[in-house]
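Participant:
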Amino acid sequence: MSAEGRTSRGETAEAWSELLAALGAVHAHASEGAAVRALFGLLDTASAPPGALRGALRDPVIGAYALDALRTRGEDADPVQVPVSARALRVLDRLPAKKGPLESRRAAFDAAAADWPGGSAALVGAMAEADRHGTERALGPLGISLP
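This is how it looks when you write it as structure tokens:
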């Protein structure tokens, strides 16, 4: 793509900020939330302006994904800005929801809970608050009840 084409709307900080906002808080608690969050993984964040990614850190849905994208690029980012809900959603999305034996799925949850401030109960609560439907699908087969 030419330099002129790259400076068109497609790669401006404003366009990226609008795109990230559309993927983020707009879809908090929506039934398609997990699919919308998965779209973030399809974006070429290597070409995203760092300022747009930093602006998404506070987003309650994709903030943790923006943090990961910045860290992957070697950019400075303040993890304290990322809301608990965004961190919980990243954990939820990384759990093997319906794949593999229950023992390995439970082990993945237990490993995530071991690193979560407040342990498993706090993690389950944060996950359920951020995406109740997705959390029920992922944790229900493991015998974990939601608050």
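Under the numbering used here, think of the first position of the sequence shown as 858, with each following residue one higher.
From the three backbone atoms N, C-alpha and C, an ideal C-beta is built for every residue, glycine too.
Just how far apart, CA to CA, sit S874 and P1004?
Facilitator: Using only the alpha carbons, I get a separation of about 34 Å.
Participant: What number of angstroms, rounded off, separates the C-alpha of A891 from the C-alpha of A878?
Facilitator: Roughly 15 Å between the two C-alpha positions.
Participant: Let me confirm a value: P917 is counted as buried when at least 16 other C-beta atoms fall within 10 Å, else exposed. Which label applies?
Facilitator: That one is buried.
Participant: Under three-state DSSP, which class holds L877?
Facilitator: If DSSP states are grouped into helix, strand and coil, L877 belongs with the helices.
Participant: Taking 6 Å as the limit between beta carbons, can you name the residues of its chain near A987, skipping five residues before and five after?
Facilitator: Only S942, A945 and L946 meet the Cβ criterion.
Participant: Nearest to L900 by CA position, among G912, L876, P958 and R915, is which residue?
Facilitator: The residue with the shortest Cα to Cα distance from L900 is L876.
Participant: Helix or strand or just coil, what does DSSP make of S977?
Facilitator: In this structure, S977 counts as helix in the three-state DSSP scheme.
Participant: Ordered along the chain, which non-local residues of its own chain (more than five positions away) have a Cβ less than 8 Å from that of T992?
Facilitator: Excluding positions up to five away in sequence, the list reads L949, V981, M984, A985 and L1003.
Participant: Could you check the C-alpha separation between G862 and A979 for me, to the nearest Å?
Facilitator: In this predicted model, G862 has a pLDDT of only 40, less than 50, meaning its place in the structure is not dependable enough to derive any value.
Participant: Can you list, in chain order, the residues of its chain with a C-beta nearer than 7 Å to that of A870? Leave out the 5 residues immediately preceding and following it.
Facilitator: So the qualifying residues of the chain are P906, G908 and A909.
Participant: Looking at A926: is its Cβ nearer than 7 Å to the Cβ of T902?
Facilitator: Contact: yes.
Participant: For A912 and R894, what's the separation of their Cα atoms in angstroms?
Facilitator: For clarity, residue 912 is Gly in the given sequence; the question names Ala instead. Those two C-alpha atoms are separated by around 17 Å.
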